[in-house]
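One structure is given below, encoded as structure tokens.
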Amino acid sequence: MRRASPVRQTELVDAALQIIATQGIAALSTRSLATAVGLSSGAIFRHFASLAALLDAVVARVEVVLDQTFPPDALEPLERLAAFIEARASAVGGQRGIARLMLSDQFSLALPPGGSERLAACVRKTRGFVERCLTDAQASGRVRRDIPVASLAPIVMGTVQMLALAPGSPRPRERDRRAVVAGLLTLLGALDAAPSPQRRTP
């Protein structure tokens, strides 16, 4: 049964991300894609005019996936940050090709014109979101003020990256993610909000 083009396009984009994740972008070709989805090489071009058009759709998928990980602004800053870390780590962990595209200059250079800039814009948007959460949390006294937000943001983003790429089955990863997020929020917590140590009476 022939599948509708939008369905095939989604399958091809997913297959492209899987190939990028496991073999690198150099392995991405019409032949490898056709093998992954069970089509002939020529059939690929019924759904995408060229490999560049497919890569453009891959970038669009990355943008959609990442945008869906931003929680509502109505949440309290640290709840917003925690929800983001878990959602982003889960989304990128489920599509590891996204991380390879975002983190490798080599992969970015292989993208069609504008693709690299669109991915860079995703990184800027993510950093802006993290910095706003931290700034709001500092203003409310929930995050330490002795370290600038610009220095705290990369720690948060690095934690997301580590959680997304951590090995293991989904269920242990989810448990580990929650423990790491809780630990990170504790480390970010305002120093003056921590309980003072109890003195022992002689």
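Position one of the sequence shown corresponds to residue 31 (the numbering used here), numbered consecutively onward.
Just so you know, even glycine gets a beta-carbon here, dropped at the ideal spot from N, CA and C.
- Uninterrupted alpha helix (DSSP H) stretches at least 4 residues long and entirely within the segment 57 to 119 occur at 60 to 67, 81 to 97, given in chain order.
- With a contact defined as Cβ atoms closer than 8 Å, ALA82 and PRO178 miss out at about 41 Å.
- The bridge partners DSSP lists for VAL173 are GLY219.
- Taking 8 Å as the cut-off, the Cβ atoms of VAL186 and VAL160 count as close.
- When C-alpha distances from LEU58 are compared across ALA104, ARG208, THR156, GLY127, the shortest belongs to GLY127.
- Straight-line spacing of the CA atoms in ARG130 and ALA117 works out to 18 Å.
- Cβ contact annotation for ALA51 (same chain, cutoff 7 Å, sequence separation greater than five): ARG126, GLY127, ARG130, in chain order.
- In the structure shown, PRO184 falls within a helical segment according to DSSP collapsed to helix, strand and coil.
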